[in-house]
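Position 17 of the sequence shown, counting from 1, maps to 16 under numbering that gives the first Met the number 0, and the rest follow consecutively.
First up is the structure itself, then whatever we jot down about it.
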Amino acid sequence: MGEALIAPREYEVKVRVEDLESVERKLLSSGWRLEDVVVEEDRYVDLTHCAGSPARQIALRVRLRKSLTKNTFTSELTFKGALIEEEVKAREEITTKLEDPEKVTEILLLSGFPIITVRKKRRIYSTTESKARVYLDEVEGLGNYVEIEVMNPESREEYMKTLNQVKEELGLGKEENIVKSYLELKMEGRGT
């Protein structure tokens with residue numbers, strides 16, 4: 000394993016959309032730039048059988064990421080803590096790089112932990128005008144989503160202001176904020 004990367008707070012929401020291309024056109028015309036296009040396979044460890052564990056509130060994930068833009072492959076293990084706030088998805092997150100994600104997955108499976116897999120193609124956008132990042136996600140079995148994320152905002156109010164500005168800019172101001180993870184949506188059977 001490698002050095003752990005700790006991000007004290009990650010704030011994010013998702014918005015379900017039918018047409019990612021129209022959102023992408025709005026991003027580009029507003030000065031956002033495409034950072035990367037990646038394919039991600041997220042292997043979530045099913046913690047529901049752990050005695051004493053707040054299994055429904057935390058997540059443990061092995062992520063495999065292939066960059067289609069940079070032609071690189073990375074993998075990481077991430078712990079996501081319980082939600083700090085309900086209206087927006089805000090939680091602590093600890094990540095470490097993995098040298099051999101297949102062996103880590105095998106160890107978890109042999110230890111009796113079922114694995115639930117979520118696959119997506121993600122286009123990553125950023126701009127110097129905002130602390131937000133925007134992800135255009137095509138999620139296998141679930142459909143298309145726009146995810147808006149801000150790492151370590153100074154306050155919840157700052158995050159909400161940034162979120163609302165970005166949603167308005169993209170024409171998504173009236174759309175429902177989804178705070179559930181793709182794993183939760185998959186387990187609820189909310190596919191396309």
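Don't be surprised by glycine CBs; every beta carbon is placed ideally from N, CA and C.
Distance check for V36 and T68, CA to CA, integer angstroms please. 6 Å
Y144 and V14 closer than 8 Å at C-beta: yes
Whole angstroms is fine: what's the gap from M0's alpha carbon to T95's? With a pLDDT of only 48 at M0, under 50, the local geometry of the prediction cannot be trusted, and the value read off the model is given with reservation. In a straight line, the C-alpha of M0 is about 7 Å away from that of T95.
With C-beta atoms as the reference, is K185 less than 8 Å away from L135? no
Considering only the alpha carbon of each residue, which of F72, K25 and I93 lies closest to K79? I93
Assign A58 to buried or exposed, taking buried as 16 or more other Cβ atoms, counted over all protein chains shown, within 10 Å of its Cβ. buried
Do K130 and E39 have their C-beta atoms within less than 8 Å of each other? no
Near L76, which residues of its chain fall below 6 Å by C-beta distance, leaving aside the five closest residues on each side in sequence? V61, T95 and L97
Taking G122 as the reference, which of E128, L109, G111 and E137 has the closest Cα? The residue asked about is misnamed: residue 122 is Arg in this sequence, not Gly. Closest by alpha carbon: E137.
Indicate the three-state DSSP secondary structure (helix, strand or coil) for E11 in the structure shown. strand
Label I147 either buried or exposed according to how many other C-beta atoms from any shown protein chain fall within 10 Å of its C-beta, with 16 as the threshold for buried. buried
Whole-angstrom distance between R24 and W31, CA atom to CA atom: 10 Å
Is the beta carbon of I115 less than 8 Å from the beta carbon of D45? yes
The beta strand (DSSP E) that contains N143, what's its start and end? G142 to M150
Please classify V178: does DSSP put it in a helix, a strand, or coil? coil
How far does the alpha helix (DSSP H) with S21 in it reach, from first residue to last? L19 to S28
Could you check the C-alpha separation between A81 and T104 for me, to the nearest Å? 22 Å
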